[in-house]
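In this text, residue positions in the sequence shown follow the numbering used here: the first is 40, and each later residue adds one.
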Amino acid sequence: MRTNAAPKVTVHTLAKMKAEHRKISMLTAYDASFARLIDQAGVDIILVGDSLGMVVQGGGNTLPVTMEEMIYHCRSVVRGTERAQVVGDMPFMSYQASLEDGIRNAGRLVKEGGVEAVKLEGGADYADLAARLVKIGIPVMGHIGLTPQSLHAMGGFKVQGRSQAQAKRLLDDARALEQAGCYSIVLEGIPRELAKEITAAISVPTIGIGAGVDCDGQVLVIYDLLGMNEEFRPKFVKRYDNLAVRIRTAVEEYITEVRTSAFPDEEHSFSREVPRPESATPYGSIRAAAGAGGGPERDPDASGAACIPFPRKT
Ligand code: KIV
C-alpha cells in the first residue's frame, strides 16, 4: 500500500518511466470506491473509460455514453484518487463533428470532471484536435487500433493491423499523434509484433490492451480483471479474481441470514443502554477502519452512527 507522501503521477512521471524502461500500469474505474482501492494499490493511471456504457450501464457498446455521464463518473473517480493520474475518455460524438466541439468538451472533462488528461480514439485525423488541446494545456492520450467507437465501421470488435497496409496506417497514426503532442497512446487489439514496432518507433509511452507484452504499459477494464462478468471471456483479459462467484456467495449468505433472522445479531444492533467507551463503540471502530480524519465530527456518545466516513476531497 502506498504512503501518504507518494507524489502525484504526471505526464512527466510517465515519460520518465518509458525512458527508464519501467512498465506503466493503468486500470479503469468509474466510482470513488473502486478508484480509492486501485489508487491505494499503486496503479499509475486511472482511466474513466467510456467502457462504463457496457460494464456500468449494461449496454452492448460505448456509443450511447454522454458527456454528462462522463463528467459525473470523472468527478467520482477524482474524489477517490490521490496518486494516480486520472484520464477522462471523450465519448462518441463529443469531438468528431468539429474542432470546436472537441475543444469545448475536453475542457469540460478537465474543468467539470476534474481529470488531468483526456483520451480520444482515432489516428492522424485527430492530430489537429490533439495539437490544439495540448496547446491549451490539456494533456492528450491517443487511442488507435481496435477503437470501440468505430465498432460499426470495423464490422465488430475485431483485431486491427494484421494486413501490411493496415499496419503501416497504424504506425503513421501513432507518429502523427506523437507529433501532435500526445503524451501517450493506447494500442488496442493489434498484433503484438506491430505493437512492439510502434512502441520502438515513438518517444511517448504506449499502453496496450490486447497488444502484447512489448508495450510500455498495460490497461484492463477493472471489472474484467476482477472477473465480475462470467460471460465475457476475450483472449486478452486475464482474470485476477472471480468476484462474480465471491459477490454472489456473500449476497446469498446475507439473504439466508436475513431470512433466518441471524442478521442483525447483538453485535450489529444498538440498544437503549449507555454506550461503551468511545474506542469500543461501533462509531469508534468505524472511524479506525476508515482512517483518521475521515468523516464528519460526531458526538462520541451517539451510538446511532450510521455512515462510514469517506475520505473527502473538496
Ligand atoms: O473505455 C475504456 O475503458 C478504454 C480502455 C479499455 C482502453 O478505452
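Backbone N, C-alpha and C define an ideal beta-carbon position, used for all residues, glycine too.
Since the structure is predicted, the reported quantities are computational estimates derived from the model, not experimental observations.
Alpha carbon to alpha carbon, how far is residue i from residue j?
| i | j | result |
| --- | --- | --- |
| I248 | F73 | 20 Å |
| P314 | R114 | 38 Å |
| G146 | G127 | 11 Å |
| E108 | E312 | 46 Å |
| G162 | D255 | 19 Å |
| C302 | Q135 | Note on identity: in this sequence residue 302 is Phe, with Cys being the wrong assignment. Between F302 and Q135, the C-alpha separation is close to 53 Å. |
| H307 | R285 | 22 Å |
| T101 | N144 | 17 Å |
| Y293 | E305 | 16 Å |
| K274 | D263 | 11 Å |
| A219 | A204 | 22 Å |
| A289 | E296 | 11 Å |
| C221 | A71 | 27 Å |
| K277 | V258 | 11 Å |
| L91 | V104 | 8 Å |
| A11 | L86 | Because the chain is modelled from 40 through 353, residue 11 falls outside the range shown and cannot be assessed. |
| R298 | E269 | 28 Å |
| V50 | F309 | 50 Å |
| M106 | V95 | 15 Å |
| L138 | M132 | 11 Å |
| V28 | H112 | Only positions 40 to 353 of the chain appear in the structure, and residue 28 is not among them; the question remains open. |
| I246 | H191 | 24 Å |
| A213 | R201 | 16 Å |
| A215 | R61 | 24 Å |
| K207 | R272 | 30 Å |
| E291 | G99 | 28 Å |
| R287 | L233 | 40 Å |
Name, in chain order, the residues that DSSP records as bridge partners for residue i.
| i | result |
| --- | --- |
| M180 | K158 and S223 |
| S18 | Given that the chain is displayed from residue 40 to residue 353, the structure contains no residue 18 and the question cannot be resolved. |
| L86 | T67 and V126 |
| I142 | Looking at the DSSP assignment, I142 forms no beta bridge with any residue, so it has no partner. |
Which residues in the same chain have their Cβ closer than 8 Å to the Cβ of residue i, if we skip the five residues on either side of it in sequence?
| i | result |
| --- | --- |
| L282 | L265, G266 and M267 |
| L185 | M193, F196, K197, V198, Q199, E227, G228, I229 and G249 |
| I142 | L168, R171, L172 and I175 |
Counting only the same chain and skipping the five closest in sequence on each side, list residues whose C-beta sits under 6 Å from that of residue i.
| i | result |
| --- | --- |
| K235 | D253 |
| R231 | G251 |
| G88 | T67 and D128 |
| I217 | The question names Ile, but residue 217 in the sequence shown is Glu. Excluding residues within five positions, the ones whose Cβ falls inside 6 Å are I241 and V243. |
| V117 | V125 and G153 |
| S64 | V82 and D83 |
| H182 | K158, E160 and V225 |
| M93 | none |
| A80 | none |
| D140 | Y134 |
Residue i lies in the alpha helix (DSSP H); which residues open and close that run?
| i | result |
| --- | --- |
| G119 | M106 to G119 |
| I175 | A166 to I175 |
| R357 | Because the chain in this structure spans residues 40 to 353, residue 357 falls outside the shown range and cannot be described. |
| M56 | V50 to A58 |
| R231 | R231 to A240 |
| G92 | L91 to V94 |
| M193 | L190 to M193 |
Considering residue i, what are the terminal residues of the beta strand (DSSP E) in which it resides?
| i | result |
| --- | --- |
| I294 | Segment L282 to R298 is the alpha helix (DSSP H) holding I294; no beta strand (DSSP E) there. |
| I246 | T245 to I248 |
Give every residue of the same chain whose Cβ lies closer than 7 Å to the Cβ of residue i, excluding the five residues on either side of it in the sequence, and list them in chain order.
| i | result |
| --- | --- |
| L210 | E236, I237 and A240 |
| I261 | L66, T67, A68, F73 and I77 |
| Y165 | L159 |
| I110 | R147, L148, E151 and G152 |
| Q188 | T101, L102, F131 and E160 |
Following a CB-centred definition, is residue i positioned closer than 7 Å to any heavy atom of the ligand NAP?
| i | result |
| --- | --- |
| H182 | The ligand NAP is not among the ligands present in this structure, which contains only the ligand KIV. |
Next on the checklist: Does the stretch 117–127 come into contact with the stretch 42–57, if we say contact requires no fewer than three beta-carbon pairs (one atom in each stretch) closer than 8 Å?
Outcome noted: yes
Checklist entry - For the 8 Å Cβ check, are there 3 or more pairs between the stretch 74–81 and the stretch 52–59? => result no
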